[in-house]
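**Q**
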Amino acid sequence: MTSSIQNDSWKRMLEVEWAIAIPECILSSLGAIMIILSVFRSKTNSKNVQQKLMGFMSVSDFLLPFLRLTGFLWIPSDHGLTYLGNDITCTIQGFLITTTFATTVGYNGCLAIYYLLIIKYNWKPRRMAGIEKWLYFAPPLNGLFWGLLAVAFNVVNAPENYYAANFCSVKYDLDFSKSDGPDDSAHKFQNRVITVLWPLFAIMYLSIILLNIICIVTIYKHVKKTEMKSMRWKSANATQLVKTAEVATQFRYFAMVFFIPGTIFVIVNLANIVRGGKLIPGPYLSFTTLLVCSAGFLNSLVYFRLRYQRMRKESPSTGGFATVWKIIQDVLFPCCKPCCVKKNLGEDASLTDHEVSDDGHKDCEPVLEDFVEPPPSIRVPPGASDWKSLRAMGVKTVQKKNQLASQTNDWRSLKAMGVSTIGSKEESPSKASLDQSDHVDVSDSKKYGNVDNQKMHQSEVVESFDMPNPEHGNDKLFPVKDLDADELKDRRASIQILKRASVALGLEQMQGLDDIDSESGDDKSGTREH
Numbered sequence: 000m001t002s003s004i005q006n007d008s009w010k011r012m013l014e015v016e017w018a019i020a021i022p023e024c025i026l027s028s029l030g031a032i033m034i035i036l037s038v039f040r041s042k043t044n045s046k047n048v049q050q051k052l053m054g055f056m057s058v059s060d061f062l063l064p065f066l067r068l069t070g071f072l073w074i075p076s077d078h079g080l081t082y083l084g085n086d087i088t089c090t091i092q093g094f095l096i097t098t099t100f101a102t103t104v105g106y107n108g109c110l111a112i113y114y115l116l117i118i119k120y121n122w123k124p125r126r127m128a129g130i131e132k133w134l135y136f137a138p139p140l141n142g143l144f145w146g147l148l149a150v151a152f153n154v155v156n157a158p159e160n161y162y163a164a165n166f167c168s169v170k171y172d173l174d175f176s177k178s179d180g181p182d183d184s185a186h187k188f189q190n191r192v193i194t195v196l197w198p199l200f201a202i203m204y205l206s207i208i209l210l211n212i213i214c215i216v217t218i219y220k221h222v223k224k225t226e227m228k229s230m231r232w233k234s235a236n237a238t239q240l241v242k243t244a245e246v247a248t249q250f251r252y253f254a255m256v257f258f259i260p261g262t263i264f265v266i267v268n269l270a271n272i273v274r275g276g277k278l279i280p281g282p283y284l285s286f287t288t289l290l291v292c293s294a295g296f297l298n299s300l301v302y303f304r305l306r307y308q309r310m311r312k313e314s315p316s317t318g319g320f321a322t323v324w325k326i327i328q329d330v331l332f333p334c335c336k337p338c339c340v341k342k343n344l345g346e347d348a349s350l351t352d353h354e355v356s357d358d359g360h361k362d363c364e365p366v367l368e369d370f371v372e373p374p375p376s377i378r379v380p381p382g383a384s385d386w387k388s389l390r391a392m393g394v395k396t397v398q399k400k401n402q403l404a405s406q407t408n409d410w411r412s413l414k415a416m417g418v419s420t421i422g423s424k425e426e427s428p429s430k431a432s433l434d435q436s437d438h439v440d441v442s443d444s445k446k447y448g449n450v451d452n453q454k455m456h457q458s459e460v461v462e463s464f465d466m467p468n469p470e471h472g473n474d475k476l477f478p479v480k481d482l483d484a485d486e487l488k489d490r491r492a493s494i495q496i497l498k499r500a501s502v503a504l505g506l507e508q509m510q511g512l513d514d515i516d517s518e519s520g521d522d523k524s525g526t527r528e529h
């Protein structure tokens with residue numbers, strides 16, 4: 000009587016669990032498929048390491064709910080009227096479930112390493128290519144190791160009866176129907192193997208969790224430190240800092256999707272193994288597998304989060320459901336025209352006009368640019384909105400690491416724009432010698448502000464260039480010597496660069512430069528006197 004009541008209770012729990020599993024596994028499978036299509040159908044995403052890692056991990060995220068939904072096809076038919084499989088299919092399902100779950104865990108660890116390298120250590124694509132293959136193939140090898148281990152020791156089991164979980168996997172409730180019962184020597188051996196395998200698997204899983212936590216803390220401290228530094232001056236890489244914060248946020252969400260479901264599953268099953276399999280009955284234990292099977296759906300929410308935010312920003316009046324449906328259409332049915340989102344005037348047009356092209360998938364993940372962060376002494380010059388506006392004008396922003404300058408000067412800003420004369424350290428004239436040499440006077444130099452001469456140290460080349468100083472009135476701008484045609488051409492080019500630099504800095508046009516430029520053009524002999 001007690002056994003009958005217990006079986007009825009287990010049957011009801013299994014029915015509830017199955018009613019939840021069907022829609023959840025369908026949504027999870029669709030989410031994983033959408034990520035796979037977004038990655039491998041796009042030329043841009045298929046070349047990005049992070050995107051490919053997400054694509055490969057989504058393959059595992061698709062297989063888990065698929066195997067969960069089709070459990071009745073794999074379980075031996077002698078376990079119930081609704082089962083259609085045999086011992087071989089049961090072993091195959093258990094092998095695939097173990098392999099795919101361990102593979103997903105491995106890809107989460109590789110994602111943590113990838114984010115740490117590009118954010119904290121600023122690895123470039125060329126350097127990342129050295130370990131790229133390991134990031135792709137190490138997780139499947141990890142999964143195959145655990146799957147083959149389970150098959151080799153014959154610890155993949157079907158549910159003990161109809162009222163247990165409806166899938167084959169490595170679990171404690173061994174099938175006694177083909178043995179002499181719990182006292183059978185083969186069963187005892189399998190029991191010892193399971194009690195060792197599960198703790199080892201838990202150690203591997205929790206190690207990946209620890210790796211993710213370390214990476215999250217390290218990345219958070221790095222981004223926070225960079226933000227604090229940027230508050231001391233007008234940041235020259237404000238746009239890049241925003242992208243770095245976006246990448247860190249994206250990683251944090253992916254880590255949370257990995258932490259919560261899998262951790263509950265592993266800890267609950269490990270506790271059940273320690274208590275001899277009697278802590279939680281099979282039907283109740285199978286609820287934890289729902290958390291693991293939800294990874295595809297949860298990852299898709301994080302993956303398409305940025306695209307959803309962008310589309311809502313472009314079309315604020317469009318509802319959230321319509322935006323989600325538009326994303327689903329773009330990914331799953333790219334050849335079909337939107338049928339539910341109609342083109343409206345004004346801001347709504349951008350939602351429908353969004354082309355399903357290679358660029359349609361580029362906002363799934365913020366990508367860090369190949370940017371060289373300037374030292375703290377470099378500030379954005381007055382009149383320039385940000386560093387990229389200078390780049391748009393053709394201004395070079397990359398500084399040599401061995402150049403040192405005072406933080407109180409704007410000379411480095413001019414140096415970044417290409418205003419320089421090159422000479423060896425021995426050939427670089429001193430200021431005293433320049434004062435005694437012929438020179439060109441530039442009047443009204445107070446317009447430019449105080450720009451001191453810089454003391455730069457280089458291992459190979461020292462670049463020097465005198466700028467007008469308001470304290471000396473008409474100071475020296477260009478030392479003039481006898482010039483040949485090539486030198487005169489270089490001098491004239493330097494004048495043109497200085498003109499553009501003055502405009503970029505928000506300064507008025509430097510008086511005297513036009514005269515110098517015109518004289519340089521008139522003097523074809525390569526020499527002139529002042």
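132 is the number that numbering that gives the first Met the number 0 gives to position 133 of the sequence shown; each next residue is one higher, with no gaps.
C-beta: ideal position from N, C-alpha, C; glycine also.
If you check the beta carbons only, do C214 and F257 fall under 9 Å apart?
**A** Residue numbering aside, residue 214 sits at position 215 when the sequence shown is read from its first letter. Residue numbering aside, residue 257 sits at position 258 when the sequence shown is read from its first letter. Going by C-beta atoms, C214 is not nearer than 9 Å to F257.
**Q** Report all residues from its chain with a CB closer than 7 Å to the CB of I32; omit the five preceding and five following residues, and keep chain order.
**A** Position 33 of the sequence shown holds residue 32. So the list reads F61, once near-sequence residues are dropped.
**Q** Applying the 10 Å Cβ sphere with the 16-neighbour rule, what's the burial state of V265?
**A** Counting from one through the sequence shown, the residue named residue 265 turns up at place 266. So V265 counts as buried.
**Q** Applying the criterion that 16 or more other CB atoms from any shown protein chain within 10 Å of the CB defines a buried residue, is V273 buried or exposed?
**A** Counted from its first residue, the sequence shown places residue 273 at position 274. Counting Cβ neighbours within 10 Å, V273 comes out exposed, since fewer than 16 surround it.
**Q** For F296 and E16, which I take to be in contact (beta-carbon distance under 8 Å), what is that distance rounded to the nearest angstrom?
**A** In the sequence shown, the residue the question calls residue 296 occupies position 297. In the sequence shown, the residue the question calls residue 16 occupies position 17. Not a contact, Cβ separation roughly 17 Å.
**Q** By Cβ distance, which residues of its chain are closer than 6 Å to A128, with the 5 residues on each side in sequence left out?
**A** Along the sequence shown, read from residue 1 onward, the residue named residue 128 stands at position 129. Hits under 6 Å: none found.
**Q** Y120: buried (16+ other C-beta within 10 angstroms of its C-beta) or exposed?
**A** Locating residue 120 in the sequence shown gives position 121, where the first residue counts as 1. When all chains shown are included, Y120 counts as exposed.
**Q** State the beta-bridge partners of N156 as determined by DSSP.
**A** Along the sequence shown, read from residue 1 onward, the residue named residue 156 stands at position 157. N156 pairs with S168.
**Q** Quick one: Cα of L36 to Cα of T98, how far?
**A** If you number the sequence shown from 1, residue 36 lands on position 37. If you number the sequence shown from 1, residue 98 lands on position 99. Their Cα atoms are separated by approximately 23 Å.
**Q** Can you list, in chain order, the stretches of the alpha helix (DSSP H) that have 4 or more residues and sit fully within the region 262-322?
**A** Whole alpha helix (DSSP H) segments, 4+ residues: 281-284, 286-292, 294-302, 304-313.
**Q** Closer than 8 Å is the cut-off here; do at least three beta carbon pairs connect the region 201-211 with the region 100-108?
**A** As far as the Cβ criterion goes, the region 201-211 touches the region 100-108, which means the pair count is three or higher.
**Q** Hey, how far is the Cα of R67 from the Cα of S27?
**A** Position 68 of the sequence shown holds residue 67. Position 28 of the sequence shown holds residue 27. So the two alpha carbons sit approximately 11 Å from each other.
**Q** Excluding the five sequence neighbours on either side, which residues of its own chain have a C-beta within less than 7 Å of the C-beta of G30, listed in chain order?
**A** Residue 30 sits at position 31 when you count from the first residue of the sequence shown. Answer for G30: G295, F296, N298, S299, listed in chain order.
**Q** DSSP three-state label for G84, please.
**A** Residue numbering aside, residue 84 sits at position 85 when the sequence shown is read from its first letter. It is a strand residue.
**Q** Check for me: the alpha helix (DSSP H) holding K132 runs from which residue to which?
**A** Here residue 132 refers to the residue found at position 133 of the sequence shown. First-last of the alpha helix (DSSP H) with K132: 124-151.
**Q** Answer with buried or exposed for R306, where buried requires no fewer than 16 other C-beta atoms within 10 angstroms of its C-beta.
**A** Along the sequence shown, one-based indexing puts residue 306 at 307. R306 is buried by the Cβ-count criterion.
**Q** For Q189, collect the residues of the same chain with a Cβ closer than 8 Å to its Cβ; drop the 5 residues on either side in sequence, then sort them by chain order.
**A** Sequence index remark: in the sequence shown, residue 189 carries index 190 (1-based). The answer, listed in chain order, is F152, N153, V154, L173.
**Q** Pairing CB atoms from the region 46-63 with CB atoms from the region 82-102, are three or more of them under 8 Å?
**A** The region 46-63, when compared against the region 82-102, does touch it at the 8 Å Cβ threshold.
**Q** Within a Cβ cutoff of 8 Å, which residues of the same chain sit near V323, ignoring the five residues on either side of it in sequence?
**A** Residue 323 sits at position 324 when you count from the first residue of the sequence shown. The residues are Y307.
**Q** DSSP puts P75 in a beta bridge; with which residues?
**A** If you number the sequence shown from 1, residue 75 lands on position 76. Paired residues: G84.
**Q** If we ignore side chains and look at the alpha-carbon of each, how far apart do I118 and T69 end up?
**A** Walking along the sequence shown from the start, residue 118 turns up at place 119. Walking along the sequence shown from the start, residue 69 turns up at place 70. Taking the straight line from one Cα to the other gives about 41 Å.
**Q** Roughly how many angstroms separate the alpha carbons of I193 and K51, rounded to a whole number?
**A** Here residue 193 refers to the residue found at position 194 of the sequence shown. Here residue 51 refers to the residue found at position 52 of the sequence shown. About 34 Å.
**Q** Can you tell me which of H186, L289, A247 puts its alpha carbon nearest to the alpha carbon of P260?
**A** Within the sequence shown, the letter at position 261 stands for residue 260. Among H186, L289, A247, the Cα nearest to that of P260 belongs to L289.
**Q** On the CB-based measure, 16 or more other CB atoms within 10 Å of its CB, does D329 come out buried or exposed?
**A** The count along the sequence shown starts at 1 and reaches residue 329 at position 330. Classification of D329: buried, given that the 10 Å Cβ count is 16 or more.
**Q** How long is the line joining the alpha carbons of P139 and F100, rounded to whole angstroms?
**A** Here residue 139 refers to the residue found at position 140 when the sequence shown is read from its first residue. Here residue 100 refers to the residue found at position 101 when the sequence shown is read from its first residue. Roughly 10 Å separates the two Cα atoms.
**Q** Straight-line CA distance for L115 to N47?
**A** Walking along the sequence shown from the start, residue 115 turns up at place 116. Walking along the sequence shown from the start, residue 47 turns up at place 48. Roughly 16 Å separates the two Cα atoms.
**Q** Among the candidates R311, T88, I212, D183, whose CA atom is the shortest distance from the CA of F253?
**A** Here residue 253 refers to the residue found at position 254 when the sequence shown is read from its first residue. Out of R311, T88, I212, D183, I212 has the C-alpha closest to the C-alpha of F253.
**Q** Quick one: give me the first and last residue of the alpha helix (DSSP H) that S57 is part of.
**A** On the sequence shown, position 58 is the one that residue 57 refers to. Here the alpha helix (DSSP H) through S57 covers 48-68.
**Q** Suppose you measure from the CA of L344 to the CA of S314; what does that come to, to the nearest Å?
**A** In the sequence shown, residue 344 corresponds to position 345, counting from 1. In the sequence shown, residue 314 corresponds to position 315, counting from 1. Per-residue confidence for L344 stands at a pLDDT of 41, beneath the threshold of 50, marking its modelled position as unreliable; the derived number appears in the next sentence. Cα to Cα, L344 sits roughly 11 Å from S314.
**Q** Going straight from the alpha carbon of A383 to that of A20, what length do you get?
**A** Against the sequence shown, residue 383 aligns to sequence position 384. Against the sequence shown, residue 20 aligns to sequence position 21. Low per-residue confidence applies at A383: pLDDT is 44, beneath 50, and the placement is therefore not dependable, though the value from the model is reported in the following sentence. In a straight line, the C-alpha of A383 is about 57 Å away from that of A20.
**Q** Distance, Cα to Cα, T88 vs M310?
**A** Taking the first residue of the sequence shown as position 1, residue 88 is located at position 89. Taking the first residue of the sequence shown as position 1, residue 310 is located at position 311. Rounded to the nearest angstrom, the two C-alpha atoms are 45 Å apart.
**Q** Should G146 go down as buried or exposed, given a rule of 16 or more other Cβ atoms within 10 Å for buried?
**A** The sequence position of residue 146 within the sequence shown is 147, counting from 1. Flag for G146 reads buried.
**Q** Going by DSSP in three states, F332 sits in which element: helix, strand or coil?
**A** On the sequence shown, residue 332 is found 333 positions in, with the first residue counted as 1. Of the three classes helix, strand and coil, the one that applies to F332 here is coil, per DSSP.
**Q** For T97, which of helix, strand or coil comes out of DSSP?
**A** As a first step, residue 97 is located in the sequence shown; it is residue number 98 there, counting from the start. It is helical.
**Q** Could you tell me the alpha carbon to alpha carbon distance between F71 and G318, rounded to whole angstroms?
**A** Residue numbering aside, residue 71 sits at position 72 when the sequence shown is read from its first letter. Residue numbering aside, residue 318 sits at position 319 when the sequence shown is read from its first letter. Answer to the nearest angstrom: the Cα atoms are 40 Å apart.
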